[in-house]
Amino acid sequence: MFYVLKKEKFPTLNAWIGALAYTFMPQVYMSFHSYTKFIAVFLLPFMFYFINQLLREPQKTYKYLPLLATSTAIVIYSHPMNGVVYGISLAIYALLYAYLDGKIISRRFFL
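Each residue of the sequence shown is one higher than the one before, starting from 6 at the first, in this note's numbering.
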């Protein structure tokens, strides 16, 4: 999580707080007994990062779309129930992010 937040240009303190909050989240604690669920939880921040990059920089679709597809496939393969929930959450996040951020070009598609 720290890596993803630093890549998004957050200050170091904010990245540390986000990483600690993600680490001590109850979902992470409950997934230690199941390595497949842990893989799904581990890939979630990277999936949000890939969504952000796809919406911010549509010219780099060739780079981030395969990464998003691969991580989504791994999550669905490792734990299907989490994969469905994460997929719905990511779709809602992408729609809200594209709608609320005026700098995103793909916003016109939704309006």
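Yeah, the Cβ is synthetic: ideal placement off N, Cα and C, and Gly gets one too.
Here the structure is a predicted model, which is why all the values come from computation and not from measurement.
DSSP places Lys108 outside both helix and strand once states are collapsed to three, so it counts as coil. With respect to the 8 Å criterion, Leu60 and Ala99 are classified as neighbours on the basis of their beta carbons. Ranking Gln64, Val46, Glu62 by CA distance to the CA of Asn87 puts Val46 first. Counting the other CB atoms within 10 Å of its CB gives His38 a total below 16, which places it among the exposed residues. Taking the Cα of His84 as reference, the smallest distance to any Cα among Phe43, Glu13, Ala24 is reached at Phe43. Taking the Cα positions, Lys11 is about 7 Å away from Thr17.
Per the coordinates, the alpha-carbon of Glu62 lies some 9 Å from the alpha-carbon of Tyr69. Burial check for Val80: the Cβ neighbour count within 10 Å reaches 16 or more, so the residue is buried. About 15 Å separates the beta carbons of Pro50 and Val90, which is beyond the 8 Å limit, so they are not a contact pair. Here the alpha carbon of Tyr67 sits roughly 11 Å from the alpha carbon of Ala74.
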